[in-house]
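Enquirer: FYI, full-length UniProt numbering numbers position 15 of the sequence shown as 15, with every residue one higher than the one before it.
Sharing a structure here in structure tokens format.
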Amino acid sequence: MPADYNGTWEMETNENFEGYMVALDIDFATRKIAKHLKQTKEIIQDGDNFKTKTLSTFRNYELNYTVGVEFEEHTKGLDNRVVKTLVTWDGDKLVCVQKGEKKNRGWKHWIEGDLLHLELTCEDQVCHQIFKKK
């Protein structure tokens, strides 16, 4: 049985978000605003089906997916690209590969206690975010 990601998660830490945004070619003004935002994640999980919302005072992003099923993702509100996205299980970790014009792009989610970890990668940059269950 995979891990239970259901719940509302509030950001606690956000390491190297600026470097990650630079790798995505996000403009200077947006980076300066975004790096100070406290995000909230709302996750509804039904087995391998996920409905996720990333909420902030600046922008919101919604992503719905089924583990093991590749889909076309429009990263509108992030870097406005189209990528082929595939999320798989690695034990209790969710591992996402996003194929597109940027190399080594994707993310990993895992839970430790009441903390949700998110590792975002793009090219040679890694951002580590930690969220606490509300």
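Beta carbons: idealized from backbone N, C-alpha and C, even for Gly.
Nothing here was measured: the structure is a model prediction, and the numbers come from that model.
If I measure Cβ to Cβ from T40 and keep anything under 6 Å in the same chain, skipping five residues before and after, which residues do I get?
Expert: Residue 40 sits at position 40 when you count from the first residue of the sequence shown. Same-chain partners within the cutoff: E10, L55.
Enquirer: With a threshold of 8 Å on Cβ separation, who are the neighbours of V22 within its own chain once the five nearest residues in sequence on each side are excluded?
Expert: As a first step, residue 22 is located in the sequence shown; it is residue number 22 there, counting from the start. Result list for V22: R31, Q125, in chain order.
Enquirer: Among all the DSSP beta bridges, which residues are the ones paired with M11?
Expert: Against the sequence shown, residue 11 aligns to sequence position 11. Answer by DSSP bridge pairing, in chain order: F131.
Enquirer: Any idea if W89 is buried or exposed, counting beta-carbon neighbours within 10 angstroms, 16 or more meaning buried?
Expert: As a working mapping, residue 89 is identified with position 89 in the sequence shown. Classification for W89: exposed.
Enquirer: Check whether the segment 80 to 98 touches the segment 62 to 70, counting contact only when three or more Cβ pairs, one atom from each stretch, lie closer than 8 Å.
Expert: Yes: the two stretches touch, three or more of their Cβ pairs being nearer than 8 Å.
Enquirer: Could you tell me the distance, in whole angstroms, from the CA atom of K132 to the CA atom of K35?
Expert: In the sequence shown, residue 132 corresponds to position 132, counting from 1. In the sequence shown, residue 35 corresponds to position 35, counting from 1. In a straight line, the C-alpha of K132 is about 18 Å away from that of K35.
Enquirer: Return the chain-ordered list of same chain residues with a C-beta closer than 7 Å to the C-beta of Y61, the five sequence neighbours on each side being excluded.
Expert: One-based indexing of the sequence shown puts residue 61 at position 61. Contacts found: T54, G77, L78.
Enquirer: Taking the runs of the beta strand (DSSP E) that are 3 residues or longer, which of them lie wholly in the segment 21 to 61?
Expert: Runs of the beta strand (DSSP E) inside the segment 21 to 61: 40 to 46, 49 to 55.
Enquirer: Determine whether the beta carbon atoms of E12 and I111 lie at a separation below 7 Å.
Expert: The residue labelled residue 12 in the question sits at position 12 within the sequence shown. The residue labelled residue 111 in the question sits at position 111 within the sequence shown. Their beta carbons are not under 7 Å apart, which means E12 does not touch I111 by this criterion.
Enquirer: Can you check whether the CB of N6 is closer than 7 Å to the CB of Q45?
Expert: As a first step, residue 45 is located in the sequence shown; it is residue number 45 there, counting from the start. As a first step, residue 6 is located in the sequence shown; it is residue number 6 there, counting from the start. Yes.
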